[in-house]
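So that you can map any letter, position 82 of the sequence shown is 82 in full-length UniProt numbering, and since no number is skipped, the others follow by simple counting.
Positions of the beta carbon are idealized from the N, C-alpha and C atoms, including for glycine.
Quick notes on the structure that follows.
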Amino acid sequence: TTLFADDACLCCIPQLLAHGNEAAAGVQSFQLGAARVTMFTDGAVTCKAKWMFPDLSPEERVAAFPEGLAVMSFGCTLLQLGEQTVLLDTSLGCIDPPIFPAMKEVRQQRDLRDLLKEVNVAPEGVDIVCHTHLHRDHTSWNVVPSGEGDGSVIPLFTNATHVVQRREYQYWTKNKARRDRVQYDTLLRPLEEAGMIKEIDGTVELSTSEGTSIILELAPGHTKLFASRARMLEQSSFATFSTPGALTYLQLGQVQECSRATTGPRKHISPFPEPAACSTMVT
C-alpha cells in the first residue's frame with residue numbers, strides 16, 4: 001500500500017470533492033455516563049473509495065461503498081463532564097478573513113463559535129483543548145483575527161490549556177519546514193507564547209466525575225506514530241475519539257484495512273478492543 005507522507009493531512013487530498021448533502025453539517029449531542037458529548041461537523045466531503053482504501057478487495061469495496069465514494073467530514077467533539085469542558089481538536093470551518101483556507105471552496109462553512117453557542121458554551125468556557133495531532137485540519141480554530149486590522153491573531157480559547165503529546169509537538173516544531181507545514185507561526189506560536197500549551201507523555205487523565213473519566217493516550221498510526229486519542233471510560237461502556245487511524249466503521253471490524261491516511265506499518269493500527277476512530281463513538 002502506498003501511504004501518505006508523514007506530513008499529509010486530509011485537507012490536502014486533491015481527490016476530495018464536495019458532498020451535496022447539507023444535512024451532514026451541524027450539531028449532534030448525546031449522553032454517555034456522566035458526560036455530555038457534542039459532535040460538530042461542517043459538511044461532508046467525498047473521496048473515491050478505491051483511492052482511499054486500496055487494500056480492500058473489489059467485493060469488499062462494493063459492499064462498503066456501493067456508489068464508489070467514501071464520505072468523510074471535518075469536525076471536533078465537545079465533552080462536558082462535571083465542571084470541566086473539554087474540546088477534542090479545533091478542526092472545523094474557515095473564518096473570515098481566512099486563516100485556514102484549505103477546502104473552503106467545497107465545504108459548507110460553519111463558525112465554531114456559533115456552534116458552541118448552540119449548546120450554551122462560550123470559547124472562554126472551554127477548560128481543556130486536546131489536540132490529537134497537529135495537522136492543520138485539527139488546529140484551524142486555535143486562533144482568530146485580533147481585530148487590529150494588521151493580520152495578527154489571538155487565541156480563541158483564552159482560558160484553555162492546549163494538551164498535546166510531547167513527541168508530536170517536538171516533531172512538528174523541530175525545523176522550519178515542519179513548522180511551516182503545520183502553520184506554526186499562525187496556529188501554534190500564539191498559544192506557546194501565551195503559555196497555553198501543555199506537553200504530555202503517554203496516557204494522562206484529563207477529567208473524572210461520577211464514575212466517568214476522560215483520558216488522553218497514544219494512538220499510533222497517523223502522524224509519525226505520535227498522535228493521540230481521547231477515551232471516555234464509564235462503568236458499563238466506553239467511547240473512543242481519535243485520529244484518522246480509522247476513517248469508516250468498516251475499519252473498526254477489519255483493523256487490517258489501512259487507508260491512505262495511515263503512516264507506518266500495519267502493526268501500529270490499534271486492534272480491538274481499543275479501536276482508533278475519527279470522531280466516532282464506539283460502545
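Beta-carbon spacing of residue i, residue j below 8 Å
| i | j | result |
| --- | --- | --- |
| Leu207 | Ile214 | Note that residue 207 corresponds to Ser in the displayed sequence, not to Leu. Going by C-beta atoms, Ser207 is nearer than 8 Å to Ile214. |
| Gly33 | Lys48 | no |
| Gly75 | Ser91 | yes |
| Leu156 | Pro123 | yes |
| Arg166 | Trp172 | no |
| Ala160 | Val182 | no |
Nearest to residue i (by Cα), restricted to the options the options
| i | options | result |
| --- | --- | --- |
| residue 314 | Leu32, Cys130, Leu87 and Gln170 | The shown model of the chain, from 1 to 283, leaves out residue 314, and the question about it has no answer. |
| Asp42 | Ala177, Glu168 and Asp137 | Asp137 |
| Leu218 | Gly211, Val71, Val204 and Ser209 | Val204 |
| Phe40 | Arg110, Glu59, Ala70 and Asp55 | Arg110 |
| Phe53 | Arg178, Lys198 and Val71 | Val71 |
| Val37 | Pro66, Lys50 and Val121 | Val121 |
| Leu191 | Gly202, Ser209, Ser29 and His162 | His162 |
Length of the line joining the Cα atoms of residue i and residue j
| i | j | result |
| --- | --- | --- |
| Asp6 | His131 | Annotation note: pLDDT 46 at Asp6 (below 50); position unreliable, no value reported. |
| Gln80 | Arg113 | 16 Å |
| Thr186 | His135 | 13 Å |
| Glu193 | Tyr184 | 12 Å |
| Arg61 | Thr46 | 15 Å |
| Lys176 | Val143 | 20 Å |
| Gln170 | Glu59 | 42 Å |
| Thr212 | Gln31 | 12 Å |
| residue 317 | Leu188 | Look at the range of the chain in this structure, 1 to 283, and you will see that residue 317 is not part of it. |
| Lys174 | Pro66 | 43 Å |
| Gly26 | Glu118 | 10 Å |
| Ala35 | Val126 | 15 Å |
| Gly149 | Trp51 | 42 Å |
Legend entry - Uninterrupted beta strand (DSSP E) stretches inside the region 167-223 (no shorter than 3 residues): 197-200, 204-209 and 212-218
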